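Right, one structure below, let's go through it.
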Amino acid sequence: MSQRSEPLPRIRVRPLTRANLSIQLTLLGLTLLTLYSFTTFDTRGIGLVEALQDMLNNFRLLLLEPRLRSVSFADLLEALFVTVGLGLLTTVFGAIIAFFLALFAAQNLAPIWLNNLIKGGTAFIRAVPTVLWVLFFAVAAGMGSVAAVIGMTFHSAGYLIKAYAESFEEIDAGVLEALRASGASWWQTVFQAVVPTSASALLSWTFVRFEINFSTAIAMGATAGAGGIGFDMFMASAFYLDLRELGAFTYAILVFAMALEWFATHMKARLGKSRE
Amino acid sequence: MPSDPLKLRQIQSIAFFAILAALTYGSIVITKYDVVQGFTAIPRAFSWATTHFIPDEAAWRRLPRILEKLFETILMAVSSATTASALGLVVALLGATTTRPHPWFSLPARGIASIFRNIDVSAWALILLFSFGQSTYTGFFALFFVTFGFIVRVMVETIDEVGMASVEALRATGANYLTIISQSVIPACLPQLISWVLYMIETNIRSATLVGILTGTGIGFSFDLYYKSMNYSSASLVVLVIVVAVLIIEALSNVIRRAVL
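Those sequence lines, one after another, are chains V and Y. Going by the UniProt record's numbering, 31 is the number at position 31 of the first sequence; the sequence numbering is gapless. Going by the UniProt record's numbering, 21 is the number at position 21 of the second sequence; the sequence numbering is gapless.
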């Protein structure tokens with residue numbers, strides 16, 4: 001580089017296209033918002049440096065010295081199963097509802113006014129955080145698994161309707177046309193063409209949602225009285241102030257979530273191969 | 001085992017749904033979910049909502065205070081997503097097969113990211129409460145860690161997808177490591193990165209509400225306060241404000257995505 005005798009005329013490597021300009025403006029906007037955000041933090045007199053040191057020390061306790069005190073190992077497993085059950089139940093319910101509604105939300109399967117109606121409704125459902133759905137239903141059903149299941153099912157259905165409808169819309173238009181031309185009824189088209197071609201996509205979206213619902217179920221245990229391991233974690237943190245017990249619970253959810261992620265990655269790779 | 005592949009497939013599907021049904025039944029038992037009450041609660045909740053869960057005049061007077069909390073929460077979601085993505089990009093560059101400085105970097109980079117994203121944001125909040133108490137830091141770092149883990153995962157994939165050919169080409173010209181990264185890999189990945197940052201901002205606003213309930217900060221705390229004091233009309237205004245904010249940010253993200261990608 002230093003061997004250059006005279007400066008070369010600067011060549012614009014990246015021309016200022018609309019896309020590049022948008023990228024730069026977005027980055028600038030995000031940076032400014034971030035810097036501004038730091039000035040508005042409500043620090044409550046907590047010194048960042050000491051708190052960060054304290055955090056590292058806490059991580060050491062949490063991860064290297066976990067142990068159970070207020071509950072037994074069997075209790076921990078049961079709580080984990082409750083949380084997994086909550087995630088599974090809401091995923092299954094959400095998937096069943098979403099499958100039928102997504103058929104009417106897909107542009108190639110239903111009239112456009114119906115698409116827009118369902119897509120608008122689901123956008124609203126998804127915009128409300130799951131915890132608020134759960135607390136909303138808790139007023140009518142009381143705090144507990146009923147409110148948690150309905151609230152989480154609502155949000156899952158909203159998410160899966162969008163995902164399923166997009167999968168349905170990717171189906172080759174020729175296949176649908178051929179079936180229609182041969183006189184197949186609407187339901188025959190759905191079960192002979194739509195479901196078989198999109199099955200792997202539906203399966204992988206549903207599994208993604210199960211992963212989300214497992215973590216949501218932890219959160220609902222901590223905030224909305226859904227029980228399970230989230231509630232135990234909340235008690236260990238806010239009530240017993242027991243970091244080491246919180247560590248044991250953290251390991252339990254970490255191992256399960258990692259196993260789910262591993263399974264999802266391998267399933268995706270297998271589905272991808274069988275498609276080729 | 002029948003040799004007919006269609007028959008085999010049918011049996012597989014039936015077995016799959018049978019197992020799923022059994023697991024679902026097991027879940028109903030273990031979570032003590034009352035199916036009948038579940039179905040009847042939905043119409044009850046919505047009929048209650050039409051009379052009680054509507055902002056009244058007193059609630060609208062609280063709007064400025066609620067909006068202030070909302071902006072605080074949005075800013076926290078944006079700053080945590082942005083800073084975590086910047087750090088996440090660096091770690092992803094160290095971990096990706098095409099750009100890692102040495103093969104030994106991959107496993108630690110991916111492993112650390114995996115731990116950070118697989119501990120749920122609510123669990124992070126409960127852990128961080130010990131060090132940061134009821135300050136904005138708790139929520140900020142909870143969102144930061146989860147975003148960081150997620151961004152490393154998706155950016156490792158993106159870098160390996162878009163980077164391979166251009167990295168080889170530049171390496172052949174004798175460009176050094178930093179030049180390759182800054183002139184080829186990062187520009188090629190930026191549109192994807194921005195798209196993921198926007199996605200994480202959307203996600204973080206929803207998570208921030210949850211974290212706020214746990215840590216007593218931001219818009220989540222406002223909701224919790226009104227909800228627990230049974231001031232449902234004010235609580236409904238908080239929900240409304242969140243919905244509007246999320247929808248606006250989603251629309252804005254889509255505009256930016258279309259311009260960038």
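Just so you know, even glycine gets a beta-carbon here, dropped at the ideal spot from N, CA and C. The structure displayed is predicted, hence computed values, not measured ones.
Could you check the C-alpha separation between residue i and residue j for me, to the nearest Å?
i, j, result
"residue 4 (chain Y)", "residue 258 (chain Y)", "48 angstroms"
"residue 55 (chain Y)", "residue 18 (chain Y)", "46 angstroms"
"residue 57 (chain Y)", "residue 190 (chain Y)", "46 angstroms"
"residue 111 (chain V)", "residue 191 (chain V)", "19 angstroms"
"residue 106 (chain V)", "residue 233 (chain Y)", "36 angstroms"
"residue 42 (chain V)", "residue 77 (chain Y)", "14 angstroms"
"residue 184 (chain V)", "residue 41 (chain Y)", "39 angstroms"
"residue 62 (chain V)", "residue 118 (chain V)", "45 angstroms"
"residue 2 (chain V)", "residue 215 (chain Y)", "For residue 2 (chain V), the predicted model reports a pLDDT of 49, less than 50, meaning its position is unreliable and no value from the coordinates is stated."
"residue 169 (chain V)", "residue 108 (chain V)", "6 angstroms"
"residue 256 (chain V)", "residue 59 (chain Y)", "43 angstroms"
"residue 132 (chain Y)", "residue 213 (chain Y)", "15 angstroms"
"residue 179 (chain V)", "residue 113 (chain V)", "24 angstroms"
"residue 16 (chain Y)", "residue 203 (chain V)", "12 angstroms"
"residue 167 (chain V)", "residue 101 (chain V)", "13 angstroms"
"residue 140 (chain V)", "residue 260 (chain V)", "33 angstroms"
"residue 152 (chain V)", "residue 169 (chain Y)", "49 angstroms"
"residue 97 (chain V)", "residue 227 (chain V)", "25 angstroms"
"residue 275 (chain V)", "residue 230 (chain V)", "Caution applies to residue 275 (chain V), whose pLDDT of 46 falls short of 50 and renders its modelled position unreliable; the model cannot decide the point."
"residue 277 (chain V)", "residue 247 (chain V)", "For chain V, the structure presents residues 1 to 276; residue 277 (chain V) sits outside this window and is missing."
"residue 203 (chain Y)", "residue 7 (chain Y)", "43 angstroms"
"residue 38 (chain Y)", "residue 146 (chain V)", "6 angstroms"
"residue 207 (chain V)", "residue 195 (chain Y)", "23 angstroms"
Taking residue i as the query, report the chain V residues whose CB atoms sit under 7 angstroms from its CB, ordered along the chain.
i, result
"residue 130 (chain Y)", "58, 243"
"residue 42 (chain Y)", "150"
"residue 12 (chain Y)", "Within 7 angstroms Cβ-Cβ: nothing; residue 12 (chain Y) doesn't reach chain V, min ~11 angstroms."
"residue 33 (chain Y)", "89, 145, 146, 149"
"residue 115 (chain Y)", "254"
Less than 7 angstroms between C-beta atoms, sequence neighbours within five positions excluded: which residues of the same chain meet that for residue i?
i, result
"residue 122 (chain V)", "158, 161, 162"
"residue 222 (chain Y)", "66, 69, 238"
Suppose the cutoff is 8 angstroms on Cβ atoms and the five residues either side in sequence are ignored; what does the same chain contact list for residue i look like?
i, result
"residue 92 (chain V)", "none"
"residue 144 (chain Y)", "80, 83, 84"
"residue 183 (chain Y)", "170, 175"
Counting only Cβ pairs nearer than 8 angstroms, list the residues of chain Y close to residue i.
i, result
"residue 94 (chain V)", "Ordered by position in chain Y, no residue passes the 8 angstroms Cβ test against residue 94 (chain V), which lies about 12 angstroms from the chain."
"residue 36 (chain V)", "75"
"residue 237 (chain V)", "126, 127, 129, 130"
"residue 215 (chain V)", "120, 121, 122"
Leaving aside the five residues before and after residue i along the sequence, list all residues of the same chain whose C-beta is less than 6 angstroms from its C-beta, in chain order.
i, result
"residue 298 (chain V)", "Residue 298 (chain V) falls outside the range modelled here, since chain V spans only 1 to 276, and no answer is possible."
"residue 156 (chain Y)", "92, 95, 96"
Can you confirm whether residue i, when its beta carbon is compared against all beta carbons of chain V, has any partner nearer than 7 angstroms?
i, result
"residue 4 (chain Y)", "no"
"residue 222 (chain Y)", "no"
"residue 194 (chain Y)", "yes"
"residue 48 (chain Y)", "yes"
"residue 24 (chain Y)", "yes"
"residue 91 (chain Y)", "no"
"residue 184 (chain Y)", "no"
"residue 226 (chain Y)", "no"
"residue 206 (chain Y)", "yes"
"residue 174 (chain Y)", "no"
"residue 246 (chain Y)", "yes"
"residue 209 (chain Y)", "yes"
"residue 107 (chain Y)", "no"
What does residue i reach in chain V if we use C-beta pairs closer than 8 angstroms?
i, result
"residue 72 (chain Y)", "40, 42"
"residue 119 (chain Y)", "250, 253, 254, 257"
"residue 243 (chain Y)", "124, 127, 128"
"residue 137 (chain Y)", "41, 43, 46, 48, 51"
"residue 191 (chain Y)", "19, 23"
"residue 82 (chain Y)", "30, 31, 33, 34"
"residue 217 (chain Y)", "42"
For residue i, return the contacting residues in chain Y, with the cut-off set at a CB-CB distance below 7 angstroms.
i, result
"residue 81 (chain V)", "30"
"residue 230 (chain V)", "122"
"residue 309 (chain V)", "A question about residue 309 (chain V) goes unanswered here, because the residues of chain V that appear run from 1 up to 276."
"residue 22 (chain V)", "256, 259, 260"
"residue 114 (chain V)", "In chain order: nothing, as chain Y lies at least about 21 angstroms away."
Using a beta-carbon distance below 7 angstroms, is residue i in contact with chain Y?
i, result
"residue 275 (chain V)", "The pLDDT assigned to residue 275 (chain V) is 46, lower than 50, so where the model puts this residue is not dependable, and the model offers no usable value."
"residue 99 (chain V)", "no"
"residue 210 (chain V)", "no"
"residue 55 (chain V)", "yes"
"residue 269 (chain V)", "no"
"residue 134 (chain V)", "no"
Between residue i and chain A, is there a C-beta pair that is closer than 7 angstroms?
i, result
"residue 202 (chain V)", "Here chain A cannot be found, since the structure's protein chains are V and Y."
Measuring only from the beta carbon, is residue i closer than 6 angstroms to any heavy atom that is part of the ligand PLP?
i, result
"residue 181 (chain Y)", "With respect to the ligand PLP, the structure offers nothing, as it holds no ligand at all."
Residues of chain Y with a CB under 9 angstroms from the CB of residue i: which are they?
i, result
"residue 161 (chain V)", "Those within 9 angstroms of residue 161 (chain V) in chain Y number zero; the least Cβ separation is about 16 angstroms."
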